[in-house]
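Chemist: Structure provided below as structure tokens; questions to follow.
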Amino acid sequence: MRGVRDVILVFAMPEGQIGFFPDVGASYFLSRLPGYFGEYLGLTGARLDGKEMLACGLATHFVLSKDLLLLENALSEVASSDASTISRVISGFSSKISLKKESAYRRLETINKCFSRRTVEEILSMLENEAANGDNKWIIQAISSMKSASPTSLKIFLKLIREGRTKELKDCLIQDYTIACHMFQRTFNPDFIEWEPSKLELVRDDFVNQYFEKVDDADWEYLQLPARPNLAKTWESKL
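What follows is the structure in structure tokens.
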């Protein structure tokens, strides 16, 4: 469960702007959002408010601030740790939502059309074609964000999220750790923020693939995660 409330709340994963990539399992949970909305969020670093988080499935409940104390009191009386029981209690205090007219989530059809493309270059080309049709401020912002981000980071994330669609969370976290180790050790690239290579067309597939391989260090090991119950979770839009 991931609840939000009606305060100034912003969700974003803008790591590409600093030469990193959306990590902490983003390739798992973003790839399970409706359509290709996860690709849109990860490649552009777009911001979502609480209502948009609920609509796309990043959050499960939306509670007004005025109801939080009542919710806390109700939860304190719950004797069970069962997730479905707790969810029912929270649902009793949840509010319906209405997305703003300009919300990018209302443009999911266009997002799917553009961000389902095979490469970052093809995605950008589709966005630029759509922008030429007018009334596309959000597309202009998406293009600007992608063009100002690290080309390497964009290509790493696109490969990561596409593979994440068929992986378990544990495997996504292990892959995140491996890529992060390569980046922090500057294994293949000495520049963390100078964007080298500086253009998408210079970032070859074989260069990207290296980040997904084992770190060549005698003391390095893959991330070891403790065993835990496999808690089933359905990711779905709440709108």
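Following full-length UniProt numbering, the numbering of the sequence shown begins with 1 at its first residue and continues without gaps.
By construction, the Cβ of each residue, glycine as well, lies at the ideal position given by its N, Cα and C atoms.
1. Taking R88 as the reference, give the member of L127, L154, D217, F62 with the closest Cα.
2. Check this for me: beta carbons of I86 and L68, under 9 Å apart or not?
3. Give me the Cα-Cα distance between V215 and G92, rounded to the nearest whole angstrom.
4. Would the beta-carbon of G42 fall within 9 Å of that of M183?
5. If I follow the unbroken alpha helix (DSSP H) through V215, where does it start and stop?
6. Is H182 near the ligand NAP, in the sense that its beta carbon is under 8 Å from a heavy atom of that ligand?
7. For L48, which residues does DSSP report across the bridge?
8. Do L200 and V78 have their beta-carbon atoms positioned less than 9 Å apart in this structure?
9. Rounded to a whole number of angstroms, what is the C-alpha to C-alpha distance between K238 and S31?
10. What would DSSP say about W220, mapped onto helix, strand or coil?
11. Touch check for the stretch 45-61 and the stretch 171-178: three-plus C-beta pairs under 8 Å?
12. Could you give the distance in angstroms between the alpha-carbon of D152 and the alpha-carbon of E102?
13. Could you give the DSSP three-state label for W195: helix, strand or coil?
14. According to DSSP, is G19 part of a helix, a strand, or is it coil?
15. What residue range is occupied by the uninterrupted alpha helix (DSSP H) comprising G164?
16. Count the other C-beta atoms from every protein chain shown that fall within 10 angstroms of the C-beta of E15, then say buried if there are 16 or more, exposed otherwise.
17. Confirm, please, whether the CB-CB distance from L71 to I90 is below 9 Å.
18. With respect to the alpha helix (DSSP H) encompassing A142, which residues constitute its N-terminal and C-terminal limits?
19. Rounding to the nearest angstrom, what Cα-Cα distance links residue 306 and I156 in this structure?
20. Output yes or no for whether 9 Å exceeds the beta carbon distance between Y40 and I143.
21. Among the candidates G164, D217, F11, whose CA atom is the shortest distance from the CA of Q185?
22. Let me know the secondary structure DSSP gives T119 once reduced to three states.
23. Distance, Cα to Cα, E84 vs E221?
24. Taking 9 Å as the threshold (beta carbon to beta carbon), is T166 in contact with chain C?
25. Spatial neighbours of T234 within its chain, please: C-beta separation below 6 Å, excluding the five flanking residues on both sides.
26. I need the boundaries of the alpha helix (DSSP H) containing L202, first residue and last residue.
Modeler: Let's see:
1. Proximity to R88 across L127, L154, D217, F62 peaks at F62, based on C-alpha coordinates.
2. no
3. 49 Å
4. no
5. Taken as a continuous stretch (DSSP letters only), V215 belongs to no alpha helix (DSSP H), as it is neither H nor E.
6. Inclusion of the ligand NAP in the displayed structure is not the case, the ligand content being empty and no account of it being possible.
7. F11
8. Inclusion of V78 and L200 in the CB contact set at 9 Å is not warranted, their separation being larger than that value.
9. Caution applies to K238, whose pLDDT of 49 falls short of 50 and renders its modelled position unreliable; the value that the coordinates give is listed next. For K238 and S31, the distance between alpha carbons rounds to 16 Å.
10. Annotated three-state conformation of W220 is coil, per DSSP.
11. no
12. Here the sequence assigns Thr to residue 152, which means Asp is not the residue at that position. Roughly 30 Å separates the two Cα atoms.
13. W195: coil per DSSP, three-state reduction.
14. Coil at G19, not helix or strand.
15. Segment 151-164, the alpha helix (DSSP H) holding G164.
16. buried
17. Yes, the pair counts as a contact, with Cβ atoms nearer than the cut-off.
18. 137-148
19. A question about residue 306 goes unanswered here, because the residues of the chain that appear run from 1 up to 239.
20. no
21. Put simply, of G164, D217, F11 the residue whose alpha carbon is nearest the alpha carbon of Q185 is D217.
22. coil
23. In the sequence as displayed, the identity of residue 84 is Ser instead of Glu. Distance between the alpha carbons of S84 and E221: 37 Å.
24. The structure shown contains no chain C, having only a single protein chain.
25. Caution applies to T234, whose pLDDT of 45 falls short of 50 and renders its modelled position unreliable; the model cannot decide the point.
26. Run containing L202: none; DSSP gives neither H nor E here.
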